[in-house]
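Notes follow the structure.
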Amino acid sequence: MSDVYVVGADLIKFGRYPDRTPAQLGAEATLLALDDAGLNIGDVGALYAASTFNAASMIAQQILFQIGQTGIPCVNVSNACAAGATAFREAFIAVKSGLYDVVVAVGAEKNPAGMLSAGNSEGPPPEGLFGSGTMPALFAEAGVLHAAAYGTTLEQFAKVSVKNHHHSTMNPKAMYQKETPLEEVLASEMIAWPLTKLMCSVNVDGAAATVLVSERKARELGLGRAVRVRGSALASDPWESRNGVLMNTNSVTRLAVATAYEMAGVGPQDLNLVELHDCFATAELLHYENLGLCGEGEAGALIDSGDTALGGRIPVNVSGGLLSKGHPIGATGVANIVEIVMHLRGEAGARQVAGARLGLAHVLGFGVGVGAAGVHILERA
Numbered sequence: 002m003s004d005v006y007v008v009g010a011d012l013i014k015f016g017r018y019p020d021r022t023p024a025q026l027g028a029e030a031t032l033l034a035l036d037d038a039g040l041n042i043g044d045v046g047a048l049y050a051a052s053t054f055n056a057a058s059m060i061a062q063q064i065l066f067q068i069g070q071t072g073i074p075c076v077n078v079s080n081a082c083a084a085g086a087t088a089f090r091e092a093f094i095a096v097k098s099g100l101y102d103v104v105v106a107v108g109a110e111k112n113p114a115g116m117l118s119a120g121n122s123e124g125p126p127p128e129g130l131f132g133s134g135t136m137p138a139l140f141a142e143a144g145v146l147h148a149a150a151y152g153t154t155l156e157q158f159a160k161v162s163v164k165n166h167h168h169s170t171m172n173p174k175a176m177y178q179k180e181t182p183l184e185e186v187l188a189s190e191m192i193a194w195p196l197t198k199l200m201c202s203v204n205v206d207g208a209a210a211t212v213l214v215s216e217r218k219a220r221e222l223g224l225g226r227a228v229r230v231r232g233s234a235l236a237s238d239p240w241e242s243r244n245g246v247l248m249n250t251n252s253v254t255r256l257a258v259a260t261a262y263e264m265a266g267v268g269p270q271d272l273n274l275v276e277l278h279d280c281f282a283t284a285e286l287l288h289y290e291n292l293g294l295c296g297e298g299e300a301g302a303l304i305d306s307g308d309t310a311l312g313g314r315i316p317v318n319v320s321g322g323l324l325s326k327g328h329p330i331g332a333t334g335v336a337n338i339v340e341i342v343m344h345l346r347g348e349a350g351a352r353q354v355a356g357a358r359l360g361l362a363h364v365l366g367f368g369v370g371v372g373a374a375g376v377h378i379l380e381r382a
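The numbers in the sequence shown follow our numbering, run straight up by one, and end at 382.
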């Protein structure tokens, strides 16, 4: 089976686009990625499009309607926040199997306004009966459990927002590009303790796309800017005995990353940078441990050390992360991969991680009582 390379990667600026459709956003990102690869839609063998709120509208076909209907297979993917990573993985499999030489994976989303929840369930609504099904409450509870077990402090959670908002000042495609000092993060409106408003991800519209090719095609195009996919994993929740009310936000990520590390033949100590699913500040600290960036209970000390900031030992979310770049649900998984690709190419500008050769992109998605996680490990060719 062929190795798989990313030869095109780009995204639009995240924000609000009231006068544009999700397909138009996805079409723009796809054209940017194809231009980056030096290819056109006529070169593409299949297209995988991710969208959580718009996949039912046949968004892949709608994207091709904007840029060229060539009759290729289209696959529409919806998998909560893991949708983009799922589309990328399916594109990876399609190329690795030898079925296609060139495939596009694109994520596009127009998020609804307001607070998002884990979705609807049958029977009496659980909201208010067993705590809360809203995403801020879910990750607030997970953070409180970590604090109770390991003594993690409110200030340590808040430092995640300070770091990621600082990183966003160097990303022209981030929704927000402003500093948020610790005092400002702590003083902002409390949403679900310990999460203040500035510790919650930004609800935005956006799109991101990648072009994946076989090794033969990559060599034909030139390997100078190509990035190899070393590991690709997608997991759903394993069964485990647990509190039926409080969702486990950790197990599915640990399962996916173990598979990705095994496929890639590397470990967390080999990584140069990480883009992880910081939907909330508490989530980033939890994922330090889930991804093996530190030991159990050591996430608070890791954020205190500065090791996860730009210039540190293992920079995390130098794009600004979901907290500041924004979180267009179906596009996020692809956008995280685009960020890693930029650094491995040495094209990330002011936020460039020096000497980056190996990076990891992670996303986590939740529905009612169930989850999905996608992890991809990428290497400079």
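Using N, Cα and C, we set each Cβ at its ideal position, and we do this for glycine too.
Compute the Euclidean distance between the alpha carbons of Val339 and Gly293, then round it to the nearest angstrom.
22 Å
Same chain, Cβ closer than 6 Å to Lys198, five either side skipped, listed in chain order:
Ser189, Glu190, Ile192
Taking the straight line between their C-alpha atoms, what separation do you get for Val7 and Ala149?
42 Å
Length of the line joining the Cα atoms of Ala57 and Gly152
44 Å
Bridge partners for Arg381 per DSSP, in chain order?
Val228
Have a look at Asp206, Asn204, Ser3 and flag the residue whose alpha-carbon is nearest the alpha-carbon of Leu100.
Ser3
Indicate whether the contact test is met: 3 or more Cβ pairs, each with one atom in the region 165 to 183 and one in the region 75 to 92, closer than 8 Å.
no
For Ser306, does the three-state DSSP call read helix, strand or coil?
helix
Once DSSP output is grouped into helix, strand and coil, what is the label at Asp206?
strand
Could you compute how far the alpha carbon of Ser233 sits from the alpha carbon of Gln62?
25 Å
Give the C-beta separation of Phe89 and Gly334 to the nearest angstrom, bearing in mind that I take them to be a contact with Cβ-Cβ under 8 Å.
6 Å
Does the Cβ-Cβ distance between Ser330 and Glu110 come in under 8 Å?
Looking at the sequence itself, residue 330 is Ile, so the reference to Ser does not match. Yes. Within cutoff.
To the nearest angstrom, report how far apart Ala259 and Pro316 are at their CA atoms.
20 Å
Sequence-distant residues of the same chain with beta carbon closer than 6 Å to Val76, five excluded per side:
Tyr49
Under a three-way DSSP split, which group does Val319 fall into?
coil
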